[in-house]
Amino acid sequence: MEGKMSNKVEIFSPSTDDDGTEYTFGTWLKEVGAELSENEPIAELETDKVTLEIHAPCDGILIETFFSSGDPVKHGELLALISNATQQLEKFESNEKVKSDQVEEEVNQKIQNKLSPAVRKLVAENQIDTNLIAGTGKAARITKADIIKHLKNLPLKIPTREPVPNKNDNLLSSTGLTSEMIPHSSMRLAIAKHMQTSVSTAPHVTATFEMDLSSVIAHRKQNKQDFSDKNVNLSFTAYFVAASAFALQKVPIINSRWHDDALEVFSNLNIGIGTALGEDGLIVPVIADVQDLNLFGIAKNLQSLTLKARSKTLTAKDLKNGTFTISNHGTSGSLMASPIIINQPQSAILGIGKMQKRSVIIDLDGQDVSIIKPMCYVSLTIDHRAIDGFQTNQFLTHFVEFIENF
Numbered sequence: 412m413e414g415k416m417s418n419k420v421e422i423f424s425p426s427t428d429d430d431g432t433e434y435t436f437g438t439w440l441k442e443v444g445a446e447l448s449e450n451e452p453i454a455e456l457e458t459d460k461v462t463l464e465i466h467a468p469c470d471g472i473l474i475e476t477f478f479s480s481g482d483p484v485k486h487g488e489l490l491a492l493i494s495n496a497t498q499q500l501e502k503f504e505s506n507e508k509v510k511s512d513q514v515e516e517e518v519n520q521k522i523q524n525k526l527s528p529a530v531r532k533l534v535a536e537n538q539i540d541t542n543l544i545a546g547t548g549k550a551a552r553i554t555k556a557d558i559i560k561h562l563k564n565l566p567l568k569i570p571t572r573e574p575v576p577n578k579n580d581n582l583l584s585s586t587g588l589t590s591e592m593i594p595h596s597s598m599r600l601a602i603a604k605h606m607q608t609s610v611s612t613a614p615h616v617t618a619t620f621e622m623d624l625s626s627v628i629a630h631r632k633q634n635k636q637d638f639s640d641k642n643v644n645l646s647f648t649a650y651f652v653a654a655s656a657f658a659l660q661k662v663p664i665i666n667s668r669w670h671d672d673a674l675e676v677f678s679n680l681n682i683g684i685g686t687a688l689g690e691d692g693l694i695v696p697v698i699a700d701v702q703d704l705n706l707f708g709i710a711k712n713l714q715s716l717t718l719k720a721r722s723k724t725l726t727a728k729d730l731k732n733g734t735f736t737i738s739n740h741g742t743s744g745s746l747m748a749s750p751i752i753i754n755q756p757q758s759a760i761l762g763i764g765k766m767q768k769r770s771v772i773i774d775l776d777g778q779d780v781s782i783i784k785p786m787c788y789v790s791l792t793i794d795h796r797a798i799d800g801f802q803t804n805q806f807l808t809h810f811v812e813f814i815e816n817f
C-alpha cells in the first residue's frame, strides 16, 4: 500500500480487516539508495503462516526505511519512503544520508546491473561478485544464464559451515560436547508462540478410529483420469475434505469457536489443510465454503492452494477464516498422531495417518476370516472446553462411514 507526498511515495504495510494477523518484519530486499522498478519486491513481512512481499508502487529510489528484521509491524504502518522522480538521483546522492563514495558507487553499479529477482536469488545463494560477470542481456544486464555459466566455470568447492558461537560453551566444555546456535526465523518464533498459546489455552483430548480405504481407492482409480482430463488432480486429501464436510454437518458443534460466554457454531465449512514447508515451517491454506462444493470443486480448490503453497504465493486471504483443520501427517510416514489445534480458537483438528495394508478380521458366513485391507488411522483432537467425547466419537463415526461407503 502506498501514499504520495510531494515527490515521495510512502510504502505502508497491508491494512486489512482480517482475523488479527500480526506481522513481523522479515528483511529488506533493497538497500537505501537502490533504484527501483515498479512492482519490484523491496521487502518481506512474515506471519506465523506466510511470507508477504512488499512491492515498489512506482519507479524511483529507496530513500528511507523504518524497520529492521524482527521488528513487530502493525497493519497500515509506514515502512519506507521512495523518491518517485528518478531524475533526482544526483540530488539524492549528495544528501547527507549518502556521503561515502562507496555508497555512490554501489548505487551506480545497481543502476547499471539491475538484477531480476531470480538472478538476485542466485547471486545471494552463491555469494557471487557481480562485478566479475559481463552481462549479455539488454543494456548489459546480467541474466540467469550468465550466472549459471559463471557457476559452471568455478572450481568445485566443498561447502563448509562456520560454527556459530554458542553462549553455553562454558556450560558444555566440561562434557566435551560441541554444538551451534541456529537462529530462529520469524516464522518459527511465531509458530512456537502460537503452539504454546494453543496448548495452554485449550485442554486437548484426542480420539482415534481406524478406517478402510478400499472404496476410496476404487473410486479414485475409476475417476482419476476424468479429473486429469480437466486438469485437476484427484488426491486422497480431497476425499478427506469431503468426508470432513459431511461429518461436520452431522455434528455441527465440532465446527465451532469457544468464547467465555458462548460457543460460536459456524454454518460455513471453511476447512484448512495443514501444509508443511520443509525447514520453513507450517501454513494452513483454507478451502472456503466446502459445504457448497462437490468432490471436483474440492479437488480443484485444493490443487490451486497446493500449487500456491509450493510456489510461496499464498496470500493472507488464502489463510483466513478457517473453522476446522486437517493435518494429513501420514504423507510424511506417520501412522498415528495427536495434532495440536493449530489455529486457535478453532475447536478441533483432524489427523490422517499413513495408509498401510494390514490384516483385518472380518465375519464371513459366521466365520472369522483374516483379509488384507488398506487401512488408515484417523484422529480428532478437540478443545475439551467446547466438545465432549460423545460428539468427538459421533464425528469420527460419520467420517469413517463416509469414507468406507464412498
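Going by my numbering, the first residue of the sequence shown is number 412, and it counts up by one from there. Where is the CB? At the ideal position from N, CA and C, for every residue including glycine. Keep in mind it's a predicted model, so treat the numbers as computed, not measured.
Check                                                                                                                        : Outcome
Cβ-based burial, residue 592 [other Cβ within 10 Å; buried from 16]                                                          : exposed
Delimiting residues of the alpha helix (DSSP H) encompassing residue 628                                                     : 625-640
Simplified DSSP state of residue 570, which is helix, strand or coil                                                         : Unreliable positioning characterises residue 570 in this predicted model, as indicated by a pLDDT of 48, which lies under 50. The coordinate reading is nonetheless provided below. If DSSP states are grouped into helix, strand and coil, residue 570 belongs with coil.
In DSSP terms, what residue 775 is bridged to                                                                                : 778
Same chain only: Cβ atoms within 7 angstroms of residue 798, ignoring 5 sequence neighbours per side                         : 664, 665, 758 and 759
Selected residue, minimal CA-CA separation from residue 603, among 458, 440, 801 and 782                                     : 458
Neighbour-count burial assignment, residue 562, 16 or more Cβ in a 10 Å radius                                               : exposed
Other residues of its chain near residue 606: CB distance less than 6 angstroms, five sequence neighbours each side excluded : 751
The beta strand (DSSP E) enclosing residue 833, as first and last residue numbers                                            : No information on residue 833 is available, as it lies outside the stretch 412 to 817 that the chain covers here.
With 16 other Cβ atoms within 10 Å as the buried cut-off, status of residue 553                                              : buried
Residue 687 - partner residues in DSSP beta bridges                                                                          : 693
Limits of the alpha helix (DSSP H) - the one that residue 587 falls within                                                   : Looking at the DSSP string, residue 587 is not in any alpha helix (DSSP H), and its letter there is neither H nor E.
N-terminal and C-terminal residue of the alpha helix (DSSP H) that residue 801 is part of                                    : 800-815
Inside the segment 642-683 only - beta strand (DSSP E) runs reaching at least 3 residues                                     : 667-669 and 674-676
contact_flag[the segment 612-632, the segment 766-785] where n(CB pairs < 8 angstroms) is 3 or more                          : yes
Distance between residue 808 and residue 713 (C-alpha atoms, nearest Å)                                                      : 24 angstroms
Three-way DSSP call (helix, strand, coil) for residue 896 in this model                                                      : Outside the displayed range of the chain (412 to 817) lies residue 896, so it cannot be described from this structure.
Per-residue burial, residue 441 [other beta carbons within 10 Å of its own, 16 or more giving buried]                        : buried
Burial state of residue 735 (16 or more Cβ within 10 Å)                                                                      : buried
Nearest residue (CA-CA) to residue 839, options 555, 551, 647 and 802                                                        : Past the boundaries of the shown model lies residue 839; the chain is included only from 412 to 817, so the question cannot be answered.
Between the CA atoms of residue 609 and residue 522 - distance to the nearest angstrom                                       : Here the model assigns residue 522 a pLDDT of 42, short of 50, so the residue's position is not dependable, and the following value carries that caveat. So the two alpha carbons sit approximately 48 angstroms from each other.
Assumed close pair residue 443, residue 475 - CB separation to whole angstroms, cut-off 8 angstroms                          : 7 angstroms
Buried or exposed by the 16-neighbour rule on C-beta atoms within 10 Å, applied to residue 641                               : exposed
Alpha-carbon to alpha-carbon, residue 534 and residue 569                                                                    : In this predicted model, residue 569 has a pLDDT of only 45, less than 50, meaning its place in the structure is not dependable enough to derive any value.
Extent of the continuous alpha helix (DSSP H) run through residue 605                                                        : 597-612
Cβ neighbours of residue 546 in the same chain (closer than 8 angstroms, five flanking residues each side left out)          : 524, 552, 553, 554 and 557
Closest residue to residue 565 among 588, 589, 540 and 587 (Cα-Cα distance)                                                  : 540
Segment contact, 8 angstroms Cβ cut-off, at least three pairs: the segment 762-774 with the segment 739-754                  : yes
Bridge partners - residue 794, DSSP secondary structure assignment                                                           : 615
Closest by C-alpha distance to residue 789, when choosing among 779, 723 and 618                                             : 618
Inter-stretch contact (C-beta, 8 angstroms, three-pair minimum) for the segment 722-736 and the segment 769-779              : no
Limits of the alpha helix (DSSP H) - the one that residue 534 falls within                                                   : 528-537
Residue 760: first and last residue of the uninterrupted beta strand (DSSP E) it sits in                                     : 759-763
Three-state class that DSSP yields for residue 494 in the structure shown                                                    : strand
Residue span of the beta strand (DSSP E) that contains residue 711, given as start and end                                   : Per DSSP, residue 711 belongs to no beta strand (DSSP E); it is in the alpha helix (DSSP H), 706-721.
Cutoff 8 angstroms; reference residue 660; Cβ partners in own chain excluding five residues on either side                   : 680 and 702
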